[in-house]
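Number of protein chains: 2
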Amino acid sequence: MVSPTMSEMTNVQENASDPQLSTQDSRSLASNGADTSAPVDPLALERQVCFALVVAARSVVSVYRPLLEPMGLTHPQYLVMLALWEHSPLSVREIGALLQLDSPTLSPLLKRLASAGLVTRTRSNDDERRLIIELTPEGRALRERATLIPPAVVARLGIEISELESLRTALTKVIKAALEVDETPGER
Amino acid sequence: MVSPTMSEMTNVQENASDPQLSTQDSRSLASNGADTSAPVDPLALERQVCFALVVAARSVVSVYRPLLEPMGLTHPQYLVMLALWEHSPLSVREIGALLQLDSPTLSPLLKRLASAGLVTRTRSNDDERRLIIELTPEGRALRERATLIPPAVVARLGIEISELESLRTALTKVIKAALEVDETPGER
DNA sequence: TACGATTAAATCGTACACTATTTAATCGTA
DNA sequence: TACGATTAAATAGTGTACGATTTAATCGTA
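Protein chains in written order, with the numbering used here: chain A, -3 to 184; chain B, -3 to 184.
Now the structure itself:
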């Protein structure tokens, strides 16, 4: 019994005694003509977009957790390993570009991976500013066990691959749009 | 220049034009023909599902951030306020059920909202274990400013409402599936 | 009705994530 | 070629998340 799933919420929101409970003043920004059938609360509506995104991310990560834990990895660490399994040695900056993470997040994370013996951290000779992250043999070997994870997650979720694919496509579009937003400091 | 967008990655990973958004490298998960060598990297493929979810959540939250900051709210705090604006007084447990968060996360967050003067924290008379969170007049008043947020976010993202709707539907399905997974301790 | 089990919050410890700042190396150009 | 600007990591501080444990109140039932 992990989540009571709102069952006990019913009594709370049933008797919506609260007078100014939504829906009245919210109509004001809807340019409504005669149609009153849309007393849509923009705040309740909106919650679905960002809220669903955040909760979905947390929920799916929690599906990974028990699978990653025996490998000694957190989910962010797993993502870093995925990047490294694909592109052998990478600088911190490059990992950050791939994963959309920055140095304050990656620095301690990479130190943990290093002390777990999965990667090495070496300054570049070319450019002493750059820290080169490279897989150790152990780190490389871990890849084999990791290949079992994706099918296990898909199986547990019980959602069609095709559906996941189209979800990913939609998410990619959102990511692109969101990144463009904060790359545009000029507006507003 | 927020994200250097991989320009220096090109030497590392060939001509993958835009790795962080790559939709095409997950080319065939279809079992194609007689070739059993299946060149599809399940790890690269997989990264798209969870990875896209996590990055999308972070990216969209970062669109909210500059809008919420003048209101003095973080995004999780905004979600709690949304719950409260809808259902006047709630216990910590009820907020947690609505937002899929637990006490270790909510306790300090609610103390911050209280010290910001937006909510009150009172033990229930019915059941001294329950902590009742209630909006203050200031907390209630903040709702008006909050109504401007959703349209601003949608406008900035520049994505059709209908598209966001169907995304939300897909996400809800994923959330449901993921929650059912960790409600099922029996299997495996 | 007493007492073990359950429940609601809080607390502790660890690990991200983000803003702002700092440090050190490299670059551009006068 | 010297020197200010830029860049790559790291650090400091705040705020979630989550597992595990603790504390206090309530419940169930013998």
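C-beta atoms are modelled at their ideal positions from N, C-alpha and C, and glycine is treated no differently.
Judged by beta-carbon spacing, L114 of chain A lies beyond the 8 Å limit of E90 of chain A, meaning their Cβ atoms are not closer than that value.
The DSSP-derived three-state label of I155 of chain B is coil.
If you draw a straight line from the Cα of E159 of chain B to the Cα of V170 of chain A, it comes to about 10 Å. Inclusion of M67 of chain B and R139 of chain B in the CB contact set at 8 Å is not warranted, their separation being larger than that value. Judged by DSSP secondary structure, T118 of chain B falls within the beta strand (DSSP E) whose first and last residues are V115 to R119. The shortest CA-to-CA distance from L109 of chain A to any of A:E130, A:R126 and A:R119 is the one to A:E130. Selection B:A53, B:L144 and B:S103 evaluated against L64 of chain B yields B:L144 as nearest (Cα-Cα).
Assigned with DSSP and collapsed to three states, S84 of chain A falls in coil, not helix or strand.
If you draw a 10 Å sphere on the C-beta of P38 of chain A, you find 16 or more other C-beta atoms in it, and that means buried. Taking a Cβ-Cβ cut-off of 7 Å, the neighbours of G154 of chain B in chain A comprise A173, given in sequence order. Straight-line measurement puts the Cα of L102 of chain A at about 20 Å from the Cα of Q44 of chain B. Under DSSP, the beta-bridge partners assigned to I129 of chain A are A:L86 and A:R117. Measuring C-alpha to C-alpha distances from Y60 of chain A to each of B:C46, B:V150, B:R119 and B:A93 identifies B:C46 as the nearest. Here T143 of chain A carries a coil assignment [DSSP, helix/strand/coil]. Going by beta carbons, V56 of chain A and L49 of chain B fall inside the 8 Å limit.
A Cβ-Cβ distance of about 6 Å is found for the pair L153 of chain A and A174 of chain B, placing them in contact under the 8 Å criterion. Sequence-distant Cβ neighbours of L86 of chain A in its own chain, meaning closer than 7 Å and more than five residues away, are A79, L80 and I129.
P72 of chain B and D122 of chain A have their alpha carbons spaced roughly 43 Å apart. V76 of chain A has a beta carbon lying at 8 Å or more from every beta carbon in chain B. Closest in alpha carbon position to A137 of chain A, among A:T70, A:P100, A:M77 and A:P62, is A:M77. By the 16-neighbour rule on beta-carbons within 10 angstroms, E82 of chain B is buried. At least one CB atom of chain A sits nearer than 8 Å to the CB of R164 of chain B. For the segment 138 to 153 of chain B, the beta-carbon criterion of a distance under 9 Å to any beta-carbon of chain A is satisfied by R139, E140, A142, T143, L144, I145, P146, P147, A148, V149, V150, R152 and L153.
Shown here, Q96 of chain A sits in coil according to DSSP, grouped into three states, outside any helix or strand. One alpha carbon belongs to T168 of chain B, the other to R126 of chain A, and they sit about 42 Å apart. At a cut-off of 8 Å, the C-beta of R54 of chain A has a neighbouring C-beta in chain B. Apart from the 5 residues on each side of it in sequence, S120 of chain B sits with its Cβ closer than 8 Å to the Cβ of S87, R126, L127 and I128 in its chain, given in chain order.
In the displayed model, V36 of chain A falls within coil according to three-state DSSP, outside both helix and strand.
If the five residues before and after A112 of chain B are omitted, its C-beta is found closer than 8 Å to the C-beta atoms of G68, all from its own chain and listed in chain order.
In the three-state reduction of the DSSP assignment, E161 of chain A falls in the helix class, which pools H, G and I. Within the same chain, and ignoring the five residues on either side of L75 of chain A in sequence, the residues whose Cβ sits closer than 8 Å to its Cβ are L95. Across the structure, L97 of chain B and R164 of chain B are spaced so that their CA atoms are roughly 19 Å apart.
By the C-beta density criterion, P100 of chain B is exposed, having fewer than 16 other C-beta atoms within 10 angstroms.
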